[in-house]
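Participant: First to last, the protein sequences are chains A and B. Note that the working numbering gives residue 147 to position 147 of the first sequence, counting from 1, and the numbers run on in steps of one. Counting from 1 along the second sequence, just add 318 to a position and that's the residue number in the working numbering. Cβ atoms here follow ideal geometry from the backbone N, Cα and C, with glycine treated the same way. Quick one: this structure, given as structure tokens, is what I'll be asking you about.
There are 2 protein chains.
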Amino acid sequence: MASLKDVGERALIDRILKDIRGSSYIGPGDDAACMDVNGTKVVICTDIVSFDKHLAEGMTMKDFGWLAAAVNFSDIASMGARPVGILAAVSLPPETDEECLYDIMKGIMECSSLVNADILGGDTKPGPGSVCGTAVGICDHRVLTRGGARPGDIVAVTGGLGSAAAGWYAALNNIDEKDALNAVKRPIPRVKEGIILSEKGIATSCMDISDGLSATAAAICKSSGVGMDILWEALPKGKGVESVCKTLNIPEKELMLSGGGEYELMFTFREEHLSVLHDSDMDVHIIGKVTEGNRTNLIADGKSEQMESKGYEHFTKG
Amino acid sequence: MASLKDVGERALIDRILKDIRGSSYIGPGDDAACMDVNGTKVVICTDIVSFDKHLAEGMTMKDFGWLAAAVNFSDIASMGARPVGILAAVSLPPETDEECLYDIMKGIMECSSLVNADILGGDTKPGPGSVCGTAVGICDHRVLTRGGARPGDIVAVTGGLGSAAAGWYAALNNIDEKDALNAVKRPIPRVKEGIILSEKGIATSCMDISDGLSATAAAICKSSGVGMDILWEALPKGKGVESVCKTLNIPEKELMLSGGGEYELMFTFREEHLSVLHDSDMDVHIIGKVTEGNRTNLIADGKSEQMESKGYEHFTKG
């Protein structure tokens, strides 16, 4: 008998997927599911955030509500869809001050307003402090998945890396790094960017970086049956990374490769579409290339070594 | 400052709804939300079940998974929609044997198969033992809500009342009442009945009885701005109610009026549609009439008294 923490979240999900594959939709295993509703592509996803795991030092209940919405809208964004609504099932200890609940809902509303989504419904139950959000979106163009990267494609990300991880450290250690703290408290789901990528029809794969860059690269490679070479020097450094790493003597690689809670998008596209991307005016950074095989390598100082996929994984530690 | 348990779930939801009304869809406040997706009515809802509140004595993990799916499909059914899929966010303690998770997923799959729905996706996180399900359905005909009952309408339910509550008592007291126990472990969402009511276009309101008959009657009355007279002698007694009540010396009214975990539907319709209902071959029981005003009365032995709405309410006790 193995416990959940022995097995780890990704292996657990793989095992579950074995049993439930076969849906005619883009189903379990991607950031979100996609259903064909009389010709309209409806995208839907669910994600839990908990006080235990996601409430950084100094976060308010409104911030927590925002985060609960943002993580779900980020999954909608990574599919290239526009959010239309969210459902929120909130679990809180019965002793909780009622204002907490209203503040969480306000945070959810604020983030939903940002992406033009409605609150559709929800549930409230006694529990240890968590929000299970379910976001719904509509994809008007091509649905983006993890599975279409091809050797030769270029790998890119939508923004700086490591800010959220830097923010966690900053919060824990009372370091006043406003931008990094904001990346933790009020992450911006990359909805606009996801829609542009879908609309232009150029992304061969896409995923949000919520589990960290190395884990995201590994997931796209696994789903697409390819490898990747990521160039360390090309990675855009997120705000606050440098100063937090210097102050606390942490390697920048740790934050930029394995930091969780990042809501940028990683995507791949064919080289001939580079100009389309340039014209789109997005804040995009090219960080590597898709290769044959199945290895994800990090090339730093001209040396290539296999990139450990040690992003944030639930149940297991590390 | 008031805590959640001081305020109670229904008052909390009312307060939240005040802030978020105004969506163009049938939104928060009904059993499920309804979105118009390019002319198709997509119905969606979310509901949490937890070990703490919903795991009756003797229930297996498969039963628990089934229940998690059933409660959500019941909400889809009460809107008159056909289920198409479900997402399941499972929280379990890290020490849990991995087979537990697979068994929960199997239970969810079994119930989903029953109603022809796919598993669309989900999430797994460490937590105290709960499933947050989100079900999606499509309504091909009229969407049923709580808000359309009119004075003079007839009130009906789809099946026996109190079985689930009887099952809880049976499980707790080791009473071998198979049907009642099954009502707790493997409740059947009334999907077929909901679809018929939607298709025939005769239900003026509809809601599932998951919080008990009296609370459901009160909710329909509140949403519709009406009252109800419920006839005690007309209420269909659920399987196991009589024997469990006799054995444990519990009033039958307690189980049949206030028992939670019931997944029958309560609905209202105009008298002239009685023949349509008869021809539909559904297992339906007429239990009362919609009245002017806002009182829900129980008429027993020819005497009428106000029915207390004391169905199961989360956060508060009683």
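1. Starting from the beta carbon of A/Val-7, find every residue of chain B whose beta carbon is closer than 7 Å, and list them in chain order.
2. Go ahead and pull the three-state DSSP assignment for A/Arg-21.
3. Hey, B/Val-559 and B/Gly-478: beta-carbon distance below 9 Å or not?
4. Give me the residue from B/Val-361, B/Lys-336 and B/Ala-407 with the minimum Cα distance to A/Cys-45.
5. B/Asn-615 by DSSP, collapsed to three states: which one?
6. Going along chain B in order, which residues have a C-beta closer than 7 Å to the C-beta of A/Arg-146?
7. Verify the CB distance criterion: does B/Ile-568 have a CB-CB separation below 9 Å to chain A?
8. Helix or strand or just coil, what does DSSP make of B/His-591?
9. For A/Ala-164, I'd like the list of residues in its chain whose CB is within less than 8 Å of its CB, leaving aside the five on either flank, ordered along the chain.
10. Any chance you could list the alpha helix (DSSP H) runs of at least 4 consecutive residues sitting entirely within the region 360 to 397 of chain B, in chain order?
11. Any C-beta of chain B sitting closer than 9 Å to the C-beta of A/Gly-318?
12. Taking all protein chains shown into account, do 16 or more other C-beta atoms lie within 10 angstroms of the C-beta of B/Asp-354, making it buried, or fewer, making it exposed?
13. Count the other CB atoms, across all protein chains shown, that sit within 10 Å of the CB of B/Asp-619; report buried if there are 16 or more and exposed otherwise.
14. Can you tell me which of B/Ile-331, B/Glu-428 and B/Gly-606 puts its alpha carbon nearest to the alpha carbon of B/Asp-686?
15. Determine the burial state of B/Ala-320: buried for a count of at least 16 other Cβ atoms within 10 Å of its Cβ, exposed for fewer.
16. Applying a beta-carbon distance threshold of less than 8 Å, which residues of chain B neighbour A/Leu-294?
17. What in chain A is Cβ-close to B/Asp-441, meaning under 7 Å?
18. Considering only C-alpha positions, which residue in the set A/Phe-267, A/Leu-231, A/Val-226 and A/Cys-34 is nearest to A/Gly-293?
19. Is B/Thr-452 close to chain A? Criterion is C-beta to C-beta, closer than 9 Å.
20. Looking at the structure shown, is A/Gly-318 part of a helix, part of a strand, or coil, going by DSSP?
21. By DSSP, does A/Thr-216 sit in helix, in strand, or in coil?
22. Which residues, in chain order, does the region 369 to 401 of chain B contribute to contact with chain A at a C-beta distance below 8 Å?
23. Straight-line CA distance for A/Asp-52 to B/Ala-350?
24. Cβ closer than 7 Å: which chain A residues qualify as neighbours of B/Ile-513?
25. Does the beta-carbon of A/Thr-247 have 16 or more other beta-carbons within 10 angstroms, so that it is buried, or is it exposed?
26. Report yes or no: do three or more beta-carbon pairs, one from the region 96 to 108 of chain A and one from the region 369 to 385 of chain B, lie closer than 8 Å?
27. Flag this pair as yes or no: are the beta carbons of B/Pro-554 and B/Val-475 separated by less than 9 Å?
28. List, in order along the chain, the chain B residues whose C-beta lies closer than 7 Å to that of A/Tyr-263?
29. Using a Cβ-Cβ distance cut-off of 9 Å, determine whether B/Ala-482 contacts chain A.
Facilitator: Looking at the coordinates:
1. By Cβ distance, chain B contributes Glu-416.
2. Residue placement at A/Arg-21 is poorly supported in this model, since its pLDDT is 48, which falls under 50; the coordinates still yield a value, given next. Coil at A/Arg-21, not helix or strand.
3. B/Val-559 places its beta carbon less than 9 Å from that of B/Gly-478.
4. The option with the nearest alpha carbon to A/Cys-45 is B/Ala-407.
5. Looking at B/Asn-615 - three-state DSSP - the assignment turns out to be strand.
6. Below the 7 Å Cβ cutoff, chain B contributes no neighbours of A/Arg-146, its closest Cβ being approximately 13 Å away.
7. Any Cβ of chain A closer than 9 Å to the Cβ of B/Ile-568 would place that residue at the interface, and such an atom is absent.
8. Correct three-state label for B/His-591: helix.
9. So the list reads Ala-180, Ala-183, Val-184, Pro-187, Gly-238, Gly-259, Gly-260, Gly-261, Glu-262 and Tyr-263, once near-sequence residues are dropped.
10. Listed in chain order, they are 369 to 372 and 379 to 396.
11. Low per-residue confidence applies at A/Gly-318: pLDDT is 33, beneath 50, and the placement is therefore not dependable enough to give any value.
12. Burial call: exposed.
13. Exposed, since its Cβ has fewer than 16 Cβ neighbours within 10 Å.
14. Outside the shown range of chain B (319 to 636) lies residue 686 of chain B, about which nothing can therefore be said.
15. Residue environment for B/Ala-320: exposed (fewer than 16 other C-beta atoms within 10 angstroms of its C-beta).
16. In the sequence as displayed, the identity of residue 294 of chain A is Asn instead of Leu. Chain B residues near A/Asn-294: none, gap ~24 Å exceeds 8 Å.
17. For B/Asp-441, the C-beta contacts it makes with chain A under 7 Å involve Thr-46, Asp-47 and Ile-48, in order along the chain.
18. Ranking A/Phe-267, A/Leu-231, A/Val-226 and A/Cys-34 by Cα distance to A/Gly-293 puts A/Val-226 first.
19. By this cut-off, B/Thr-452 is an interface position.
20. With a pLDDT of 33 at A/Gly-318, under the threshold of 50, the predicted position of this residue should be treated as unreliable, though the coordinate-derived value follows. In the three-state reduction of the DSSP assignment, A/Gly-318 falls in the coil class, being assigned neither a helical nor a strand state.
21. Helix.
22. Under the 8 Å Cβ criterion, the region 369 to 401 of chain B contributes Asp-370 and Lys-371.
23. If you draw a straight line from the Cα of A/Asp-52 to the Cα of B/Ala-350, it is about 29 Å long.
24. Those within 7 Å of B/Ile-513 in chain A number zero; the least Cβ separation is about 17 Å.
25. That one is exposed.
26. Taking one beta carbon from each stretch, the region 96 to 108 of chain A and the region 369 to 385 of chain B have fewer than 3 pairs nearer than 8 Å; the two do not touch.
27. Yes, these two residues count as a Cβ contact at 9 Å.
28. Think of a sphere of 7 Å around the beta carbon of A/Tyr-263: no beta carbon from chain B falls inside it, the nearest being about 16 Å out.
29. For B/Ala-482, the answer is no, since every Cβ of chain A falls outside 9 Å of its Cβ.
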